[in-house]
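Q: One line per chain: the protein sequences are A and B, in this order.
For the first sequence, our numbering begins at 29 and goes up steadily by one.
For the second sequence, our numbering begins at 29 and goes up steadily by one.
After the structure tokens below, expect a handful of questions from me.
Protein chains: 2
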Amino acid sequence: MTDRLALAQAFTALADPTRREIFERVAARPRAVGELAGELPVSRPAVSQHLKVLTDAGLVSARAEGTRRIYELDPQGLAGLRDYLDGFWNRSLAAFKKAADEAGTRHKEHR
Amino acid sequence: MTDRLALAQAFTALADPTRREIFERVAARPRAVGELAGELPVSRPAVSQHLKVLTDAGLVSARAEGTRRIYELDPQGLAGLRDYLDGFWNRSLAAFKKAADEAGTRHKEHR
DNA sequence: ACTTACCGTAAGTTACTACTTACGAATGCT
DNA sequence: AGCATTCGTAAGTAGTAACTTACGGTAAGT
């Protein structure tokens with residue numbers, strides 16, 4: 029199961045605009061650090077630091093290729109976020125359905 | 029459609045631990061501000077400020093009940109987050125499937 | 001009308017975070 | 001071996017965010 033810490037890390041990771049931008053680009057296609065830095069208005073070390081946060085959150089993973097490090101999307105962190113939100117989604121829908129049904133019994137019959 | 033700003037606000041809102049705690053309690057059952065403050069180790073104004081952020085992110089909504097303000101979950105913000113993550117989920121699964129298939133064609137046949 | 005209860009906002013402070021430059025390590029090429 | 005490329009980390013700084021106390025405003029009760 030996905031623990032609370034990993035969840036917090038994932039939300040924190042995607043809260044930053046630059047980091048979300050990096051995440052989206054890596055998700056679209058695996059990229060090296062310098063490549064990402066070339067596309068973004070921040071320095072290469074900044075990209076490295078962001079990638080560390082994303083990696084710790086389980087959102088991306090890296091593999092070495094010569095002196096370059098290729099980052100790609102890691103489905104694990106994504107799955108944790110999805111599961112967390114799905115829980116609220118189902119419960120909220122159930123609650124709203126329940127409220128709607130109860131309102132319905134007062135004003136008109138069920139069918 | 030859910031725009032980028034709302035998305036950023038939703039991620040930012042859920043990134044803070046205290047705010048996520050508030051969100052979870054409100055999602056479980058609608059609550060007043062003072063009630064939340066009584067359950068949490070922060071002051072009532074702090075809760076108010078967190079609820080404002082959550083409201084702006086479309087994650088909760090409020091209704092007046094006498095002098096009290098009852099906050100409840102708002103499915104809108106939740107839907108935006110879900111849709112965003114689902115996009116990556118589907119695309120990442122497609123990419124992994126594609127990669128697996130291509131690897132399969134090199135090492136063993138499809139079935 | 002006065003008091004009580006509940007809440008949002010303003011102002012100020014502290015802690016954290018995102019960024020920069022500087023440095024060092026690892027790999028590949030000649 | 002020497003040099004170039006690519007990258008991670010350390011150190012320092014500026015901006016932001018989360019919290020507190022203080023204040024004002026609205027609704028209900030007596």
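Note that CB positions come from ideal geometry on N, CA and C, so glycine has one too.
Quick caveat, the model's predicted, so the values are computed rather than measured.
Have a look at residue 93 of chain A and residue 46 of chain B and give me their C-alpha separation to the nearest angstrom.
A: Indexing the first sequence from 1 puts residue 93 of chain A at position 65. Indexing the second sequence from 1 puts residue 46 of chain B at position 18. Between the alpha carbons of residue 93 of chain A and residue 46 of chain B lies a distance of about 41 Å.
Q: Is it true that the region 85-105 of chain A meets the region 38-45 of chain A, where meeting means three or more beta-carbon pairs spaced less than 8 Å apart?
A: Short answer: they touch.
Q: Residue 101 of chain A to residue 81 of chain A, Cα distance in whole Å?
A: What you label residue 101 of chain A is simply residue 73 of the first sequence in a count that begins at 1. What you label residue 81 of chain A is simply residue 53 of the first sequence in a count that begins at 1. Between residue 101 of chain A and residue 81 of chain A, the C-alpha separation is close to 13 Å.
Q: I'd like to know whether the C-beta atoms of residue 108 of chain A and residue 36 of chain A end up nearer to each other than 8 Å.
A: Taking the first residue of the first sequence as 1, we reach residue 108 of chain A at position 80. Taking the first residue of the first sequence as 1, we reach residue 36 of chain A at position 8. No, the pair does not count as a contact, with Cβ atoms beyond the cut-off.
Q: Measuring only the C-alpha atoms, how far is residue 113 of chain B from residue 79 of chain B?
A: In the second sequence, counting from the first residue as 1, residue 113 of chain B sits at position 85. In the second sequence, counting from the first residue as 1, residue 79 of chain B sits at position 51. If I take the Cα positions, the gap works out to 24 Å.
Q: List the residues that DSSP assigns as beta-bridge partners of residue 88 of chain B.
A: Counted from its first residue, the second sequence places residue 88 of chain B at position 60. According to DSSP, residue 88 of chain B bridges with B/101.
Q: From the DSSP output, which residues share a beta bridge with residue 59 of chain A?
A: Numbered from its first residue, the first sequence carries residue 59 of chain A at position 31. Bridge partners of residue 59 of chain A: A/99.
Q: Find the residues of chain B that neighbour residue 72 of chain A, judging by a C-beta separation of less than 9 Å, and give them in chain order.
A: Locating residue 72 of chain A in the first sequence gives position 44, counting from the first residue. Per Cβ cutoff of 9 Å: no residues; residue 72 of chain A is ~24 Å from chain B at best.
Q: Would you mind giving the Cβ-Cβ distance between residue 75 of chain B and residue 61 of chain B, rounded to the nearest angstrom? I have them listed as a contact below 8 Å.
A: The residue you call residue 75 of chain B lines up with position 47 of the second sequence. The residue you call residue 61 of chain B lines up with position 33 of the second sequence. Indeed, because the Cβ distance is near 6 Å, the residues count as touching under 8 Å.
Q: Using the rule of at least 16 other Cβ atoms within 10 Å of the residue's Cβ for burial, across every protein chain shown, is residue 58 of chain A buried or exposed?
A: As a working mapping, residue 58 of chain A is identified with position 30 in the first sequence. Residue 58 of chain A is buried by the Cβ-count criterion.
Q: Here's the rule I'm using: 16 or more other beta-carbon atoms within 10 Å means buried, otherwise exposed. How should residue 38 of chain A be labelled?
A: Position 10 of the first sequence, counted from the start, is the residue given in the question as residue 38 of chain A. Classification for residue 38 of chain A: buried.
Q: Determine the chain B residues that contact residue 120 of chain A at a beta-carbon separation under 8 Å, and present them in chain order.
A: Here residue 120 of chain A corresponds to residue number 92 of the first sequence, with the count starting at 1. Chain B residues near residue 120 of chain A: 55, 101, 103 and 106.
Q: So with CB distances below 8 Å, who are the chain B contacts of residue 113 of chain A?
A: Start at 1 with the first residue of the first sequence, and residue 113 of chain A comes out as number 85. Result: 106, 109, 110 and 113.
Q: Near residue 104 of chain B, which residues of its chain fall below 6 Å by C-beta distance, leaving aside the five closest residues on each side in sequence?
A: Here residue 104 of chain B corresponds to residue number 76 of the second sequence, with the count starting at 1. Cβ within range, chain order: 86.
Q: Could you tell me which of B/111, B/116, B/72 and B/119 sits nearest to residue 96 of chain B, measuring between CA atoms?
A: Along the second sequence, read from residue 1 onward, the residue named residue 96 of chain B stands at position 68. Taking only the C-alpha atoms, the option nearest residue 96 of chain B is B/72.
Q: Could you say which of B/48, B/32, B/31 and B/65 lies nearest to residue 98 of chain B if we only look at CA atoms?
A: For this step, residue 98 of chain B is matched to residue 70 along the second sequence. The shortest C-alpha separation from residue 98 of chain B is found at B/65.
Q: What residue from A/30, A/52 and A/48 has the CA that sits closest to residue 120 of chain B's CA?
A: Working through the second sequence from its first residue, we reach residue 120 of chain B at position 92. Nearest C-alpha to residue 120 of chain B: A/52.
Q: Could you tell me the distance, in whole angstroms, from the CA atom of residue 91 of chain B to the CA atom of residue 106 of chain A?
A: Residue mapping note: residue 91 of chain B aligns to position 63 of the second sequence, counting from 1. Residue mapping note: residue 106 of chain A aligns to position 78 of the first sequence, counting from 1. For residue 91 of chain B and residue 106 of chain A, the distance between alpha carbons rounds to 33 Å.
Q: Residues bridged to residue 67 of chain A by DSSP?
A: The residue labelled residue 67 of chain A in the question sits at position 39 within the first sequence. Its beta-bridge partners do not exist; DSSP assigns none.
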